[in-house]
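Peer 1: First the structure, then my questions, so here it is.
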Amino acid sequence: MSSAVSPASRTVLVTGATSGIGWETARLLAGRGDTVILHAPDQASGDDAIARLVAAGIDTLRLRLAVADFSRLDEVRAMAARVADEHPVLDVLVNNAAVAAPERRTMTADGNELSLQVNFLAAYLLTHELAGPLGARPGSRVVNVSSSMHRTASIAWNDPHRAKRYSRLAAYAQSQLALTVFAREQSPWTSVSVHPGVCDTDLLPLYAHEGDTALEGAEHVVRLCDPAIELVPGAYYDRTALSPAAPVAMEDRTVRRLCKLADRLVAKAV
1 MSSAVSPASR TVLVTGATSG IGWETARLLA GRGDTVILHA PDQASGDDAI ARLVAAGIDT
61 LRLRLAVADF SRLDEVRAMA ARVADEHPVL DVLVNNAAVA APERRTMTAD GNELSLQVNF
121 LAAYLLTHEL AGPLGARPGS RVVNVSSSMH RTASIAWNDP HRAKRYSRLA AYAQSQLALT
181 VFAREQSPWT SVSVHPGVCD TDLLPLYAHE GDTALEGAEH VVRLCDPAIE LVPGAYYDRT
241 ALSPAAPVAM EDRTVRRLCK LADRLVAKAV
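Take 1 as the starting number for the sequence shown in my numbering and just add one per residue.
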């Protein structure tokens with residue numbers, strides 16, 4: 001007998017849900033009957049995202065809003081506390097929020113390179129802070145929306161903020177590799193990472209001139225949220241296919257080293 005719960009009773013948090021793949025993911029999940037918590041970086045963009053979902057036919061009772069600027073880790077912690085208080089059971093967390101690394105190296109108030117913090121450290125912190133709700137019911141999942149670009153990346157262990165040599169592509173790729181590696185951390189829930197395809201979103205210029213629609217990318221993410229789909233814990237999926245991640249991402253030593261680095265970088269922001 002499966003331990004997964006019926007989709008109608010599930011609660012899902014989608015980060016970066018105001019546009020692109022995140023918004024379409026929220027729309028598809030809410031349309032299937034899930035209660036969807038949309039993460040937005042600010043109240044205005046969150047209200048707008050919900051208004052567009054309602055206009056698209058989504059029942060407003062299925063929607064909740066959680067606001068946090070991921071360039072501020074104190075806001076990530078505060079949002080996690082609010083979500084945990086209001087939703088003691090969380091069946092799925094979709095770590096989708098991402099920014100393109102700026103042309104010039106940009107540091108957050110927490111002292112981290114911007115894309116490393118928004119794309120990885122915030123997801124790392126949020127997942128850990130939501131351990132209670134995620135562990136409250138069997139069958140819960142964490143889906144990290146990563147990128148095939150992780151294959152081109154390396155983690156600059158001694159210079160993660162790339163002060164010595166900065167390139168926006170290298171910084172962004174590093175954040176995607178970190179997110180892919182993070183999916184392999186041992187946890188009570190099932191974690192995976194997924195490349196949703198090269199999609200026509202704000203991140204498209206990093207990849208190509210044209211791509212799939214955000215809806216097509218979201219469909220690949222939503223598939224991994226479906227309790228009827230059996231997942232391989234820690235696996236990397238390229239769209240719908242189980243795919244080998246970059247060799248470095250498969251090393252247990254890399255997982256331990258990354259978590260140690262992340263713990264240090266989020267701890268200094270307390």
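Idealized CB from N, CA, C, for every residue including glycine.
On the criterion of 16 or more Cβ atoms from any shown chain inside 10 Å, does L93 qualify as buried, or is it exposed?
Peer 2: Your numbering for residue 93 matches position 93 in the sequence shown. Classification of L93: buried, given that the 10 Å Cβ count is 16 or more.
Peer 1: For I37, report the span of its beta strand (DSSP E) as first-last.
Peer 2: Stepping through the sequence shown from its first residue, residue 37 is reached at position 37. That run of the beta strand (DSSP E) goes 35–40.
Peer 1: Give a yes or no on whether the C-beta atoms belonging to V32 and D91 are separated by under 7 Å.
Peer 2: Taking the first residue of the sequence shown as position 1, residue 32 is located at position 32. Taking the first residue of the sequence shown as position 1, residue 91 is located at position 91. Note that residue 32 corresponds to Arg in the displayed sequence, not to Val. No, Cβ-Cβ distance for R32 and D91 is not below 7 Å.
Peer 1: Taking the alpha-carbon of R52 as reference, which of S19, D42, L29, T35 has the nearest alpha-carbon?
Peer 2: Residue mapping note: residue 52 aligns to position 52 of the sequence shown, counting from 1. With distances taken between Cα atoms, R52 lies closest to S19.
Peer 1: Can you tell me whether I229 is buried or exposed, with buried defined as 16 or more other CB within 10 angstroms of its CB?
Peer 2: Taking the sequence shown and counting its residues from 1, one reaches residue 229 at position 229. Burial call: exposed.
Peer 1: Who are the near neighbours of L63 in its chain, counting only those whose CB is closer than 7 Å to its CB and skipping five residues on each side?
Peer 2: By 1-based counting over the sequence shown, the position of residue 63 is 63. Excluding positions up to five away in sequence, the list reads A30, V36, L38, I50, L53.
Peer 1: So the candidates are T254, P41, P233; which of them puts its Cα closest to the Cα of M79?
Peer 2: Locating residue 79 in the sequence shown gives position 79, where the first residue counts as 1. Answer by Cα proximity: P41.
Peer 1: H220 and S148 - do their beta-carbons sit closer together than 7 Å?
Peer 2: Indexing the sequence shown from 1 puts residue 148 at position 148. Indexing the sequence shown from 1 puts residue 220 at position 220. No, Cβ-Cβ distance for S148 and H220 is not below 7 Å.
Peer 1: Determine the DSSP secondary structure at V232, reduced to helix, strand or coil.
Peer 2: For this step, residue 232 is matched to residue 232 along the sequence shown. Note: V232 maps to coil in three-state DSSP.
Peer 1: Less than 7 Å between the beta carbons of L65 and G46, yes or no?
Peer 2: In the sequence shown, counting from the first residue as 1, residue 65 sits at position 65. In the sequence shown, counting from the first residue as 1, residue 46 sits at position 46. Yes.
Peer 1: Apply the 10 Å Cβ neighbour rule to A267 and answer buried if 16 or more other Cβ atoms are within range, or exposed otherwise.
Peer 2: Numbered from its first residue, the sequence shown carries residue 267 at position 267. So A267 counts as exposed.
Peer 1: Relative to the C-alpha of L126, which residue among E24, F70, L224 is closest?
Peer 2: Residue 126 sits at position 126 when you count from the first residue of the sequence shown. It is F70.
Peer 1: Is the region 99–115 touching the region 129–137 in the sense that three or more CB pairs, one from each, lie closer than 8 Å?
Peer 2: No contact exists between the region 129–137 and the region 99–115.
Peer 1: Is the CB-CB distance between V12 and G22 below 7 Å?
Peer 2: As a first step, residue 12 must be located in the sequence shown, where it is residue number 12. As a first step, residue 22 must be located in the sequence shown, where it is residue number 22. No; because the gap between Cβ atoms is not below 7 Å, this pair is not in contact.
Peer 1: Do V142 and S191 have their C-beta atoms closer together than 7 Å?
Peer 2: Walking along the sequence shown from the start, residue 142 turns up at place 142. Walking along the sequence shown from the start, residue 191 turns up at place 191. Yes, they are a contact pair.
Peer 1: Compare the C-alpha of D263 against each of E75, A123, E24 and name the closest.
Peer 2: Walking along the sequence shown from the start, residue 263 turns up at place 263. D263 has its Cα closest to that of A123, out of E75, A123, E24.
Peer 1: Quick check on DSSP: helix, strand or coil for S19?
Peer 2: By one-based count along the sequence shown, residue 19 stands at place 19. DSSP places S19 in coil when its eight states are reduced to three.
Peer 1: Using the beta-carbon count (16 or more within 10 Å), is S175 buried or exposed?
Peer 2: By one-based count along the sequence shown, residue 175 stands at place 175. S175 should be labelled buried.
Peer 1: Would you list the one or two residues that DSSP bridges to H195?
Peer 2: In the sequence shown, counting from the first residue as 1, residue 195 sits at position 195. D238.
Peer 1: Can you tell me which of P160, T25, A17, Q43 puts its alpha carbon nearest to the alpha carbon of K260?
Peer 2: Taking the first residue of the sequence shown as 1, we reach residue 260 at position 260. Comparing Cα-Cα distances from K260 to each of P160, T25, A17, Q43, the minimum goes to P160.
Peer 1: Flag this pair as yes or no: are the beta carbons of L265 and N112 separated by less than 7 Å?
Peer 2: Taking the first residue of the sequence shown as position 1, residue 265 is located at position 265. Taking the first residue of the sequence shown as position 1, residue 112 is located at position 112. Contact: yes.
Peer 1: Just to confirm, are L177 and A156 a CB contact at a threshold of 7 Å?
Peer 2: As a working mapping, residue 177 is identified with position 177 in the sequence shown. As a working mapping, residue 156 is identified with position 156 in the sequence shown. Contact flag unset, no.
Peer 1: Would DSSP call R315 helix, strand or coil?
Peer 2: Nothing about residue 315 can be read from this structure; the chain reaches only from 1 to 270.
Peer 1: Should T108 be labelled buried (16 or more other beta-carbon atoms within 10 Å of its own) or exposed?
Peer 2: By one-based count along the sequence shown, residue 108 stands at place 108. So T108 counts as buried.
Peer 1: Between V118, S187, T106, which has its C-alpha nearest E75's C-alpha?
Peer 2: Numbered from 1 along the sequence shown, position 75 holds the residue referred to as residue 75. Comparing Cα-Cα distances from E75 to each of V118, S187, T106, the minimum goes to V118.
Peer 1: May I ask you to report which of helix, strand or coil DSSP gives N144?
Peer 2: Within the sequence shown, the letter at position 144 stands for residue 144. Looking at N144 - three-state DSSP - the assignment turns out to be strand.
Peer 1: Thinking T180 and Y237 are a contact (beta carbons under 8 Å), I'd like their distance in whole angstroms, please.
Peer 2: Residue numbering aside, residue 180 sits at position 180 when the sequence shown is read from its first letter. Residue numbering aside, residue 237 sits at position 237 when the sequence shown is read from its first letter. Going by Cβ atoms, the distance from T180 to Y237 rounds to 10 Å, so no, they are not a contact pair.
Peer 1: May I ask you to report which of helix, strand or coil DSSP gives A66?
Peer 2: The residue given as residue 66 occupies position 66 in the sequence shown. The answer is strand: DSSP assigns A66 an E or B state.
Peer 1: Is it right to say G57 is buried, meaning 16 or more other beta carbons lie within 10 angstroms of its own, or is it exposed?
Peer 2: Position 57 of the sequence shown holds residue 57. G57 should be labelled exposed.
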